[in-house]
Amino acid sequence: MDKTGPTSRVIDVHSHLYTESYLHLLESRDEIPYIVSHGGTREFIIFTEEQGPDGVGGRMLGPEYTSLGTKLAFMDQFGIDQSVVSMGNPWLDPFPDQQGDEACKVINQELAGLEDESDGRVVAMGVLPVSSVEAALNELHSIKRMQGLVGVVTGPQIAGLPFDNQKLNPFWNELSKLALPLFVHPKDGVANELLVGYRHTLPVGVGFPVETTIALTRLVFGGVLERFPRLKILVAHGGGTLPYLAGRLDAAWKSDTEVEALLLQAPSTYLKALYLDALVYYGPALQAACGLVGSSQLLFGTDNPFTVSDPKVNLETIENEMENDEDKALIKGGVANNLFSLS
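Under this note's numbering, the first residue of the sequence shown is numbered 307, with each subsequent residue one higher.
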């Protein structure tokens, strides 16, 4: 198989890079989320347990979080041909004002420039302002026009609204028309007050995927995927717990006639339309994700540069669990190539 062919390349769709202008914004804050500096080293505080004299400490931001050269070196190390990078949480959610709107345009320009700077090996997903639905709509058009941007990243809300809020209908409609993929990624986690005592492990390991699950179930039960069936939604971390809970959601839906009337089909029918990254680390979990959406809607990701990143394990899981070369090639790069219209 030709290594340069679209179905034989390895493409990482879950890879993060922060821009310097964005980090400067976080440095101007003094409450979560914020960045503090210690002798030239940046520390990113996002969970309550991290801050204060008795805190466990935040994420230390080395060059792997900002440097394109470091990103390319990582890609070379693991045989990754192309990356679709996105800024990590919390995006512009802490800046729901004009400052955030203005910063959004600068950040997206910086992200778009990565394509030329990397000779096409790195492209990006744009970020959205959160001041209003109208501002988010306007930025969608800017992202669509911008060379180097191939999609949009968001947390579990858009313009401060959960996905099932009716005020977002114009956004979903326009996103569908523009055919821009939307990458849904957790932001804060949920039930963090119940997950203390184990540093970052439980918020990241449990709180994040559950937050994603809640956001996507609201998308489904709110009828968004029913009204806008052409939406291209990519979900982080294998869809959270959605592959495991799909049948239970169907059963719960059928158990309440008022809720059942909200949808024409069972919730799992709409879940099958999602794209999931294959960032699950574990064979049975990958099989569950594949069972929900099929290999034609699974995409390889690494979560680089965060400490949970283990591309070797994720690549080996794809190799070991997929029975044929076609499925392996689809997940490693073929689906990403088509979803993001990559060259």
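We put the beta carbon where it would ideally sit given N, CA and C, even for glycine.
Assuming Val516 and Gly546 make a contact with CB atoms under 8 Å, what is their CB distance in whole Å? In the sequence shown, residue 516 corresponds to position 210, counting from 1. In the sequence shown, residue 546 corresponds to position 240, counting from 1. That pair is a contact at about 6 Å.
Please report the straight-line C-alpha distance between Asp308 and Ser314, rounded to a whole angstrom. Residue 308 sits at position 2 when you count from the first residue of the sequence shown. Residue 314 sits at position 8 when you count from the first residue of the sequence shown. Confidence in Asp308 is poor, its pLDDT being 40 and thus under 50, which makes the residue's placement unreliable; the coordinate value appears in the next sentence. Asp308 and Ser314: Cα-Cα distance of roughly 7 Å.
Within a Cβ cutoff of 8 Å, which residues of the same chain sit near Gly363, ignoring the five residues on either side of it in sequence? As a position in the sequence shown, residue 363 is number 57, starting the count at 1. These residues qualify, in order along the chain: Glu349 and Glu356.
If we call anything under 8 Å between Cβ atoms a contact, is Val530 one with Leu580? Within the sequence shown, numbered from 1, the residue matching residue 530 stands at position 224. Within the sequence shown, numbered from 1, the residue matching residue 580 stands at position 274. In this structure, Leu580 does not lie closer than 8 Å to Val530 by Cβ.
Identity of the residue in Gln463, Ile341 and Leu525 nearest Ser327 by Cα: Here residue 327 refers to the residue found at position 21 of the sequence shown. Taking only the C-alpha atoms, the option nearest Ser327 is Ile341.
Euclidean distance between Cα positions of Ala485 and Leu367: Your numbering for residue 485 matches position 179 in the sequence shown. Your numbering for residue 367 matches position 61 in the sequence shown. Going from the Cα of Ala485 to the Cα of Leu367 covers about 34 Å.
By alpha-carbon positions, which one of Met381, Arg427 and Val412 ends up nearest to Asn643? Here residue 643 refers to the residue found at position 337 of the sequence shown. Among Met381, Arg427 and Val412, the Cα nearest to that of Asn643 is on Arg427.
For His703, which three-state DSSP category applies? Since the first residue shown for the chain is 307 and the last is 649, residue 703 is missing from the structure and cannot be characterised.
With C-beta atoms as the reference, is Val429 less than 8 Å away from Trp397? As a first step, residue 429 must be located in the sequence shown, where it is residue number 123. As a first step, residue 397 must be located in the sequence shown, where it is residue number 91. In this structure, Trp397 does not lie closer than 8 Å to Val429 by Cβ.
Length of the line joining the Cα atoms of Tyr371 and Leu323: For this step, residue 371 is matched to residue 65 along the sequence shown. For this step, residue 323 is matched to residue 17 along the sequence shown. Near 5 Å, if we compare the C-alpha coordinates of Leu323 and Tyr371.
Own chain, CB closer than 7 Å to Leu582, minus 5 neighbours either side, in chain order: Along the sequence shown, one-based indexing puts residue 582 at 276. Answer for Leu582: Val541, Gly544, Gly545, Ala595, Val599, Gln603 and Leu604, listed in chain order.
Environment of Arg554 [buried if 16+ CB atoms lie within 10 Å]: Locating residue 554 in the sequence shown gives position 248, counting from the first residue. Arg554 comes out exposed.
Gln388, buried or exposed, once every other Cβ within 10 Å from all chains shown has been counted against 16: The residue labelled residue 388 in the question sits at position 82 within the sequence shown. Buried, by the Cβ-count rule.
Going by beta carbon distance, what residues of the same chain come within less than 6 Å of Asn414, once the five residues before and after it are set aside? The count along the sequence shown starts at 1 and reaches residue 414 at position 108. The answer, listed in chain order, is Gly432.
Measure the alpha-carbon distance for Ser321 versus Thr608 and round it to whole angstroms. Counting from one through the sequence shown, the residue named residue 321 turns up at place 15. Counting from one through the sequence shown, the residue named residue 608 turns up at place 302. Cα to Cα, the separation comes out at about 6 Å.
So within the stretch 373-401, which uninterrupted beta strand (DSSP E) runs reach at least 3 residues, ignoring any that extend past its ends? 388-392
Is the beta carbon of Leu537 sitting closer than 8 Å to the one on Leu481? Along the sequence shown, read from residue 1 onward, the residue named residue 537 stands at position 231. Along the sequence shown, read from residue 1 onward, the residue named residue 481 stands at position 175. Their beta carbons are under 8 Å apart, which means Leu537 touches Leu481 by this criterion.
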